[in-house]
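Chains as they are written, first to last, in the working numbering: chain A, 1 to 464; chain B, 1001 to 1102.
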C-alpha cells in the first residue's frame, strides 16, 4: 500500500476517534460514538498490517499476541464490577504508558525498521520525540501503578510525604531534561536507559504524596499523560492517527483534571504538590468533638421519607464502598410508588473518578434524567423535604461557605442543609478525607443514621 | 524553500488539541467515566507502533531484541483496546432514560 494512501486512512481513523468522543455529548449518541471508535481502531490496525506487508511467520506471532492481549482485555471488561472502575482505568493507563516505553525502546534499538536512521546515528528530531515519548510513558506507567495500588487498597490511601520531597522531585525533573539533552548529543544507549529509569522513579514520587480522595485529579492527569506519550510516539512514527489521538486524549485528561480541581476549589499545583489531608488535619478537629448529634434508626428515616413529598439523594464514595446502589434504587422505587418525587444530586468530585457516581447509578438502572449535576439541582434543596446523604461528606459541608479558616473554604458544596430535614447515612462521626468536621452533623434538622450504607438502605425500604 | 514535514505534523497536533478541547467540553459530566475509558482505548492506537516494532527484525529472525519489545507492547495495547472499548460499551448500555408512564 502506498504511503500516501495509508496516511489518508490513518487520518480517517483519527477522525473516527474524534467522532467517538463527540458521541459522548449525550447518552443517546454515545453508543454510536463507541462504535466509531472501534471502526477507527480496526482501520488503523489493518492499515498497519497492509503497509508493513510482511506476512511472514513473524506476522503469525503478531496475531497470536494480539489475541492473547485481546482475550485478557475482554475477560477483564466483562468481569470487572462497576465499583472497581477507577482501579481499572488506572490500570489501563499504566499499560498505555508501558506500551509507549516499549515502542520507544524498540525504535531506539532498531531505528532502521522505523526509517529513523541507524543505531548511534538517529535523526535528532526523532531522538527528541522518542525520548519524550519514553519519559512521559514511563511516568504514566509508574504513576498509574501507584494510583492503582492506592485505589485497590493494597497501598494506604494516605499521602506519603517526607522532607525535601519537592526539592528531590525538582532535581529529578531537571535531570530528565539534562539527560535528554546529552542523549541527543551523544546518542548513548546508557543515557537512554537512565532516562527511562529516572522517569519511572519520578512517576512514582509524584503520586505517592497524593491522598486517596484526590484520586479524581490524579486519574484525569494520568489520562492526559498517556495521551501525550502516545503523541510523542506518533511524532516518532510520523503517524497521523497517533498524533491526533494523543492530542485528543491529552486535552481530554487536562480538561477533566481542571474540572475536578475546580470541584474542590484547589489549584492543580496544590493537588499535585500533595499532602492536603496530612497538613491540615489538626486545624479542623480542635474542640468540636463534644457537640450533641441526633441519631436515629431505619424506622425514623422511613417515617420522615414517607411523609415527604420530595426527596433528594446525595451519593458519595461511601455508596460505592458499600455497593449500596442497587439497594438505594429499590428504596427509591418504593418511594416513587408512594408518589414521592425523587432526584439525585451529584457533586463533581463525588467518588474516586470523574462521573463515578453516574456510572454506579446507571448500573442500578436509575434513569439518567433523574440524576443532576451540582449547578442544576442546588437551588432545589430549599424546596425539598428530605435530603438523603449516602456515603458523601465533605461535599455537603456548609463550612465551605461560612468559615474562611476552613481548608475547604470556597469549595462548591451541595446546599443540603437547606432541606427541611437531612438524613445522613454514615458509619461513624469521623471526619472526611480533609479531616474537617462536618457542621451538618450537628444541625437541628439532621438525623444521623449510623450503619453500613447498604444495610441501612435495605432496612429503610422494609420500613416504608 | 520547502517546509519541513515536521511542521505539518505539528500543525495537525496543535489543531487536534483544539478539537479535543471543544469536543471534550461538550461531553456531558454524567459520561465522564466512559470518556476516560474510551480515551484510554483509543490511545492504545499506539499498537500501530508496536506492530511495526514487532516485525522489525531482519533475515527471518522472529525474536530479536527490538521485536520482543514490540510483541510485549502488542499484548499491553491489545488488553487496552479490547478491555477499553468493551467496558465502555458495557457502561454505555446501562444509561437509560426514564420509561414512559404506562
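Ideal Cβ positions, reconstructed from N, Cα and C, are used throughout, including at glycine.
Spatial neighbours of residue i in its chain, beta-carbon cut-off 7 Å, leaving aside the 5 residues before and after
i	result
residue 348(A)	259, 260, 263 and 374
residue 362(A)	368
residue 286(A)	Note on residue 286(A): pLDDT 44, under 50, position unreliable in the model; no value is reported.
Own chain residues within Cβ distance below 8 Å of residue i, not counting five before or after
i	result
residue 454(A)	322, 323, 324 and 327
residue 33(A)	19, 20, 21, 22, 23 and 24
residue 87(A)	148, 151 and 152
residue 1027(B)	1035
residue 7(A)	240
Within-7 Å CB hit, residue i to chain B
i	result
residue 395(A)	no
residue 29(A)	no
residue 36(A)	no
residue 111(A)	no
residue 317(A)	no
residue 458(A)	no
residue 374(A)	no
residue 358(A)	yes
residue 330(A)	no
residue 239(A)	yes
residue 345(A)	no
residue 190(A)	no
residue 307(A)	no
residue 268(A)	no
Cβ of residue i within 7 Å of any chain A Cβ
i	result
residue 1017(B)	yes
residue 1036(B)	yes
residue 1008(B)	no
residue 1011(B)	no
residue 1091(B)	yes
residue 1105(B)	Residue 1105(B) is absent from the model: chain B starts at 1001 and stops at 1102.
residue 1022(B)	no
residue 1062(B)	yes
residue 1094(B)	yes
residue 1003(B)	no
Delimiting residues of the alpha helix (DSSP H) encompassing residue i
i	result
residue 334(A)	325-337
residue 85(A)	85-109
residue 68(A)	57-79
residue 216(A)	215-237
residue 1097(B)	Where residue 1097(B) is concerned, there is no enclosing alpha helix (DSSP H), given that its DSSP letter is neither H nor E.
residue 321(A)	317-322
residue 142(A)	124-152
residue 250(A)	240-263
residue 359(A)	356-363
residue 174(A)	165-186
residue 302(A)	298-306
residue 1004(B)	Taken as a continuous stretch (DSSP letters only), residue 1004(B) belongs to no alpha helix (DSSP H), as it is neither H nor E.
Beta-carbon contacts of residue i that lie in its chain and below 6 Å, excluding the five residues immediately before and after
i	result
residue 29(A)	23
residue 382(A)	418
residue 282(A)	The predicted position of residue 282(A) is uncertain, since its pLDDT is 40 and thus under 50; no value can be drawn from it.
residue 137(A)	97, 100, 101 and 229
residue 465(A)	With chain A running from 1 to 464 in the structure shown, residue 465(A) is simply not present.
Beta-carbon gap between residue i and residue j smaller than 7 Å
i	j	result
residue 457(A)	residue 331(A)	yes
residue 48(A)	residue 1061(B)	no
residue 106(A)	residue 1020(B)	no
residue 411(A)	residue 265(A)	yes
residue 236(A)	residue 130(A)	yes
residue 448(A)	residue 293(A)	yes
residue 192(A)	residue 65(A)	no
residue 344(A)	residue 370(A)	yes
residue 1079(B)	residue 77(A)	no
residue 111(A)	residue 128(A)	no
residue 102(A)	residue 1072(B)	yes
residue 1006(B)	residue 231(A)	no
residue 415(A)	residue 378(A)	yes
residue 209(A)	residue 160(A)	yes
residue 316(A)	residue 350(A)	yes
residue 156(A)	residue 222(A)	no
residue 397(A)	residue 413(A)	yes
residue 1191(B)	residue 81(A)	Because chain B in this structure spans residues 1001 to 1102, residue 1191(B) falls outside the shown range and cannot be described.
residue 245(A)	residue 1038(B)	no
residue 460(A)	residue 302(A)	yes
residue 249(A)	residue 1043(B)	yes
Extent of the continuous beta strand (DSSP E) to which residue i belongs
i	result
residue 446(A)	446-450
residue 373(A)	371-373
residue 1061(B)	Unbroken run through residue 1061(B): none, as it is neither H nor E.
residue 198(A)	It is not in any beta strand (DSSP E) - residue 198(A) instead sits in the alpha helix (DSSP H) that spans 189-207.
residue 343(A)	341-346
(request) Please specify which runs of the beta strand (DSSP E), each continuous and at least 3 residues long, are wholly inside the stretch 376-435 of chain A, giving them in chain order. (result) Correct list: 386-390 and 421-426.
(request) Can you check the stretch 1010-1046 of chain B for any alpha helix (DSSP H) of at least 4 residues that lies completely inside it and give the ranges in chain order? (result) Qualifying alpha helix (DSSP H) stretches, in chain order: 1032-1043.
(request) Return the chain-ordered ranges of every alpha helix (DSSP H) run that is complete within the stretch 2-42 of chain A and spans a minimum of 4 residues. (result) Taking only runs of at least 4 residues, the alpha helix (DSSP H) segments lying wholly in the stretch 2-42 of chain A are 3-22.
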